[in-house]
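Colleague: Just so you know, the protein sequences line up as chains A and B, in that order.
Under the working numbering, think of the first position of the first sequence as 8, with each following residue one higher.
Under the working numbering, think of the first position of the second sequence as 909, with each following residue one higher.
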Amino acid sequence: MNTKRMMLFILLALGAIFLSACSGQPLANNWPGLATDDEHAYLAAGSFVYAVDLESGKEVWRYPVEADSKLLFYANPVLTADGQLLIGSTGTEHPFISLDPATGKEKWAEHFTEGKGGWVAPPLVLNDTIYAPNADGFLYIIDMNGKETADPVELGGALWSAPSTDGSLLYVTSLDHYFHVIDPAIGELNDPVDLGGAAPSSPVVGNDGVYVGSFASTIEFIKSNGQHKALATTESWIWGSPFLDGETLYYADLDGKVYSLDLASGRQNWDTVQPDGPVVASLLVVGDQIYVGTEAGTLVALDRDGKTDWEKTVGGKIYTTPVISGDLILVAPYQAEFVLAAYDAAGKQAWTFVPEK
Amino acid sequence: MWDFIWTNIIIAPMTNLLLWIYDFLGHGPHMFGLAIILFTILIKVITWPLNTSQVKGAQAMQELQNDKEWQDIQKKYAKDKEKLAQEQMRIYKERGINPFASCLPTLVQFPIIIGLYQSITRALSVTPFDMLKLARTIYPFQNVEGIIPLNSTFLWMDLGRPESIQILGFALPTLAIIVALTTYVQSKLTMPASSNPNDQSAQMTKMMSIYMPLMLGWFALNFASGIAVYFIISNLLGIAQYAATGRANWSNLLPGGNKKTSIKKK
Chain A
8 MNTKRMMLFI LLALGAIFLS ACSGQPLANN WPGLATDDEH AYLAAGSFVY
58 AVDLESGKEV WRYPVEADSK LLFYANPVLT ADGQLLIGST GTEHPFISLD
108 PATGKEKWAE HFTEGKGGWV APPLVLNDTI YAPNADGFLY IIDMNGKETA
158 DPVELGGALW SAPSTDGSLL YVTSLDHYFH VIDPAIGELN DPVDLGGAAP
208 SSPVVGNDGV YVGSFASTIE FIKSNGQHKA LATTESWIWG SPFLDGETLY
258 YADLDGKVYS LDLASGRQNW DTVQPDGPVV ASLLVVGDQI YVGTEAGTLV
308 ALDRDGKTDW EKTVGGKIYT TPVISGDLIL VAPYQAEFVL AAYDAAGKQA
358 WTFVPEK
Chain B
909 MWDFIWTNII IAPMTNLLLW IYDFLGHGPH MFGLAIILFT ILIKVITWPL
959 NTSQVKGAQA MQELQNDKEW QDIQKKYAKD KEKLAQEQMR IYKERGINPF
1009 ASCLPTLVQF PIIIGLYQSI TRALSVTPFD MLKLARTIYP FQNVEGIIPL
1059 NSTFLWMDLG RPESIQILGF ALPTLAIIVA LTTYVQSKLT MPASSNPNDQ
1109 SAQMTKMMSI YMPLMLGWFA LNFASGIAVY FIISNLLGIA QYAATGRANW
1159 SNLLPGGNKK TSIKKK
């Protein structure tokens, strides 16, 4: 009998350990956010934001200096013209923080959401105003000193992507399936457009409208007056933003298929291009190459015809959109041996970055 | 390998069932809470025979502790563990008692609780990575694009987060308190009376009736409130099930209520 009861105690303890291990407190981690300027890469990866020297791949600074269990970072950091690096926390506390990109010193940190939601999405800076979307469904309007200048705009569903802009209007997608057009001076224009599925990525702005992908597995073209039409469908959910290059729209889906849509004719430029895994990250188009990061941890460079120029096994899972700085392509894999790697245009690895403990 | 098995045997069916019920209910506000309640009832119905065998098994083992023959062999073979074990097995066999019958439902409950917790957090997807894992979990025949993300509101709660109600500036964890109370009531009701002061089983059961409410209350305090809803409904159904057998010991809920003598002479 004792043995049996002891077994029960052990089971209970194991249960506690199991539940603790999968606890949502603080929020579970996520793939990193990445940004760059001419000198540094800025990586939001869990407890820290890192600045990494692009020449050497060495750490320049980290924020905070010591890990704070209440803070967690994974939105793409945003650099501003007046020398700030903006990033919000998704931990148990949700400060929105401005850092000095050169030193990593905190310029200001403000709480706008009363702890309701984390900063999954990066902000947009337009005309010296910060538009910061929050997972609580509000778009916060902040001046460059961290003070709210207007009431936040309630958009409903959680906001996981940065607003896009044509220079005057803001285009915002929401997880509650809706697309919003906002005039900063007036507020929301038109009725929101129902996309039929959650939209976790930013719209891409074209000449006379925007292009949006969603979990409805469609690419929608939407004008600023709210008129919209489905341009194309995919076989699975679209996670990353489309990439507009002239008259061609590039996008990918969770089945791992990469598409190239000719906007003039409405036809696909190639049949089936499917690298080795699902594609969550947005595509990066530079020169004649289309860079695709896959869940299988491979960075693939396609040419304009969809043929593979080269592919590189990075490791882990690539969910973060690659970014380019000078001659380097930066990739931030998730659950890999390193958190950041740099490649040249031929796919040769320049360096990898592993944070010191 | 273990992750693959766990995901495909436990998490995926549970998550898809929760999503199916949520969709069936109309996928509006409060519906995910109702989906968890219906899910809990379904689990209770499925594990009903196991729970019944647990009740019977526990009762039989408890009665055995007060049995004259059982107590005699404890004394007689106190220094011969091997012989004692043989005699115990003989008595188990003679009386048709499975000593592990009361453990099996507990073994079954743990994967359900842990799986349900992971299914709830996965279904509610508070991070992009959770959402991606959800996308991997959904069965092809489920057409859930229209219902994702789920509405996590239930009554005053966000089912993806720990619950509390602000009262006079204090965050009162009402669900955690209800979980602890219902767990306490359930364990007290199912605790058989014992007159044997040296009855180790009764002592352990008494400890469990204190330990379990505290532990489950702690879970409810710290984890997504959806799991607390599961605990409460499961406890209430457990109490109802036990009461339906006519064996509920309601006097145990009162201070000093566990005085009844129930020695069975064999």
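Built from N, CA and C at the ideal position, the CB exists for glycine as well.
It should be emphasised that the depicted structure is a prediction, and the values quoted were computed from it without experimental measurement.
(1) Of all Cβ atoms in chain B, is any one closer than 8 angstroms to the Cβ of A:C29?
(2) What in chain A is Cβ-close to B:F1037, meaning under 9 angstroms?
(3) Starting from the N-terminal side, write out each stretch of the beta strand (DSSP E) that is 3 residues or longer and does not extend beyond the region 107-190 of chain A.
(4) Could you list the residues in the region 191-215 of chain A with a C-beta less than 8 angstroms from some C-beta on chain B, going in chain order?
(5) For A:L261, go through chain C and note every residue whose CB falls closer than 7 angstroms to its CB, in chain order.
(6) What residue does the alpha helix (DSSP H) around B:G1134 start on, and which one ends it?
(7) Please classify B:T1091: is it buried, with 16 or more other beta-carbons within 10 angstroms of its beta-carbon, or exposed?
(8) Around the C-beta of A:A52, are 16 or more other C-beta atoms found within 10 angstroms, so that it is buried, or is it exposed?
(9) List, in order along the chain, the chain A residues whose C-beta lies closer than 8 angstroms to that of B:P1057?
(10) Drop a sphere of 10 angstroms on the beta-carbon of A:W246, count the other beta-carbons inside from all chains shown, and report buried for 16 or more, exposed for fewer.
(11) Kindly list the residues whose CB is nearer than 7 angstroms to the CB of A:S289, restricted to its own chain and excluding five residues on each side of it in sequence; keep chain order.
(12) What residues are listed by DSSP as bridge partners for A:E227?
(13) Give the interface partners of A:V287 over in chain B, defined as CB-CB distance under 7 angstroms, in chain order.
(14) Just mark A:L162 as buried or exposed, buried being the case when its beta carbon has 16 or more other beta carbons within 10 Å.
(15) Are the CB atoms of A:T301 and A:I325 within a distance shorter than 8 angstroms?
(16) From B:P921 to A:Y178, what distance separates their C-alpha atoms?
(17) For B:L1067 versus B:G1134, is the C-beta spacing smaller than 8 angstroms?
(18) Say whether the region 346-364 of chain A touches the region 70-89 of chain A, bearing in mind that this needs 3 or more beta-carbon pairs closer than 8 angstroms, one atom from each stretch.
(19) With a Cβ-Cβ cutoff of 8 angstroms, do B:I944 and B:V1137 count as a contact?
(20) Report the option in A:K123, A:T255, A:K236 and A:L306 whose CA atom is closest to the CA atom of A:Q275.
(21) Measuring straight from C-alpha to C-alpha, what distance separates A:P84 and B:M1120?
(22) Could you work out which residues of chain B lie near A:F186, taking near to mean beta carbons separated by less than 7 angstroms?
(23) Compute the Euclidean distance between the alpha carbons of B:T1073 and B:N916, then round it to the nearest angstrom.
(24) Going by C-alpha distance, which of B:L927, B:G1054 and B:E971 is nearest B:L1032?
(25) Would you grab the beta carbon distance between A:G204 and A:S221 for me? Rounded to a whole angstrom, and I think it's under 8 angstroms.
(26) Any heavy atom of the ligand GTP within a distance shorter than 7 angstroms of the CB on A:F119?
(27) Could you give the first and the last residue of the continuous beta strand (DSSP E) run that contains A:D252?
(28) Is the beta carbon of A:L176 sitting closer than 8 angstroms to the one on A:G164?
(29) Using a Cβ-Cβ distance cut-off of 8 angstroms, determine whether A:F222 contacts chain B.
(30) A:S30 by DSSP, collapsed to three states: which one?
(31) What separation, rounded to the nearest whole angstrom, lies between the Cα atoms of B:M1123 and B:S1117?
(32) In terms of residue numbering, what span does the alpha helix (DSSP H) encompassing B:A920 cover?
(33) For B:M1116, name the three-state secondary structure that DSSP assigns.
(34) So, A:G354 versus A:K314, is the Cβ gap smaller than 8 angstroms?
(35) Which residues, in chain order, does the region 119-152 of chain A contribute to contact with chain B at a C-beta distance below 7 angstroms?
(36) Would you identify the three-state DSSP class for A:L337, choosing helix, strand or coil?
Modeller: Per the coordinate set shown:
(1) Any reading at A:C29 is ruled out, since the residue's pLDDT is 43, under 50, leaving its predicted position unreliable.
(2) A35, N36, N37, W38, Y81, Y326 and Y341
(3) 113-117, 131-133, 136-140, 145-150, 155-161, 177-180 and 185-190
(4) G203, G204, A205 and P207
(5) You won't find chain C in this structure, because its protein chains are A and B.
(6) S1133 to A1152
(7) Counting other Cβ atoms within 10 Å of its Cβ, B:T1091 reaches 16 or more and is therefore classed as buried.
(8) buried
(9) G164, A165, L182, D183 and A205
(10) buried
(11) S208, G247, S248, F250 and T328
(12) A:V219 and A:A237
(13) L1040
(14) Burial of A:L162 is indicated by the presence of at least 16 other C-beta atoms within 10 angstroms of its C-beta.
(15) yes
(16) B:P921 and A:Y178: Cα-Cα distance of roughly 38 angstroms.
(17) yes
(18) Short answer: they don't touch.
(19) yes
(20) Comparing Cα positions, the closest option is A:T255.
(21) 45 angstroms
(22) Result: empty, since nearest Cβ-Cβ is about 15 angstroms, beyond 7 angstroms.
(23) According to the sequence as given, residue 1073 of chain B is Ile; it is not Thr. Each residue's Cα considered, the two are about 36 angstroms apart.
(24) B:L927
(25) 4 angstroms
(26) The ligand GTP is absent from the structure shown, which contains no ligands of any kind.
(27) F250 to D252
(28) no
(29) yes
(30) Residue placement at A:S30 is flagged as unreliable, the pLDDT there being 41, under the threshold of 50; a coordinate-derived value is accordingly withheld.
(31) 10 angstroms
(32) A920 to L933
(33) Of the three classes helix, strand and coil, the one that applies to B:M1116 here is helix, per DSSP.
(34) With contacts defined by Cβ atoms closer than 8 angstroms, A:G354 and A:K314 do not form a contacting pair.
(35) Listed in sequence order: V127.
(36) strand
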